[in-house]
Amino acid sequence: MASTFESLLTIILFTLLVKGHGQCQLKDLTVLTSKTPRQIQGVQEWQVMFVNNCKCTLKGVTVSCKGFHSVENVDPNVFAPIGNDKCIVNGGRPIEPFASVMFLYADPQHFVFEPVSHDMVCVSI
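Residues -22 to -1, 1 to 103 (mature numbering (1 follows the signal peptide of the UniProt record, and there is no 0)) are what the sequence shown spells out, left to right.
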């Protein structure tokens, strides 16, 4: 009986570990962009929010940013170009589950940021 219980417990724990691994996809990082009421040097200001919709922590998040520029200074610890038309979010630091990272930029046009890659840290108990 104890052997059956131990086997069942082992299977359940293994299933939880496997389920936790690989469950975050690029689509789990939502990018929300909205106008703010401000103008910077006569140019529309935009707020960008990267939301981690996964129950795992994401780190090393990169997005496409070809042609991105801003007349407003953007904190490089929050959003910065890294080459090859990609930018890194939050300096590559972790974004906790269901948390967000936000930055502001000013440009006449709304810019579309598409998630490119991330690393996942997921601990299942």
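Idealized CB from N, CA, C, for every residue including glycine.
Suppose you measure from the CA of residue i to the CA of residue j; what does that come to, to the nearest Å?
i	j	result
residue 51	residue 36	25 Å
residue 70	residue 57	9 Å
residue 62	residue 87	22 Å
residue 22	residue 15	8 Å
residue 100	residue 2	9 Å
residue 82	residue 8	16 Å
residue 25	residue 53	13 Å
residue 18	residue 34	36 Å
residue 20	residue 46	18 Å
Beta-carbon separation of residue i and residue j under 7 Å?
i	j	result
residue 41	residue 93	yes
residue 10	residue 27	yes
residue 39	residue 67	yes
residue 72	residue 65	no
Contact check, residue i vs residue j under 8 Å by CB: the rounded distance?
i	j	result
residue 48	residue 97	Contact flag wrong, Cβ pair sits at about 27 Å.
For a test of your reading of the model: does the CB of residue i fall under 6 Å from any non-hydrogen atom of the ligand PLP? Yes or no.
i	result
residue 36	The ligand PLP is absent from the structure shown, which contains no ligands of any kind.
State buried or exposed for residue i, treating a residue as buried only when at least 16 other CB atoms are found within 10 Å of its CB.
i	result
residue -6	For residue -6, the predicted structure reports a pLDDT of 43, less than 50, and the residue's modelled location is therefore unreliable. A value from the coordinates is still provided. Burial call: exposed.
residue -10	Low per-residue confidence applies at residue -10: pLDDT is 38, beneath 50, and the placement is therefore not dependable, though the value from the model is reported in the following sentence. Residue -10 comes out exposed.
Identify, in the order they occur along the chain, each residue of the same chain with its Cβ nearer than 6 Å to the Cβ of residue i, setting aside the five sequence neighbours on each side.
i	result
residue 6	31 and 32
residue 95	40
residue 80	27
residue 29	8 and 78
Distance cutoff 7 Å, beta carbons only. Does residue i sit that close to anything in chain C?
i	result
residue 79	Of the protein chains in this structure there is only one, and it is not chain C.
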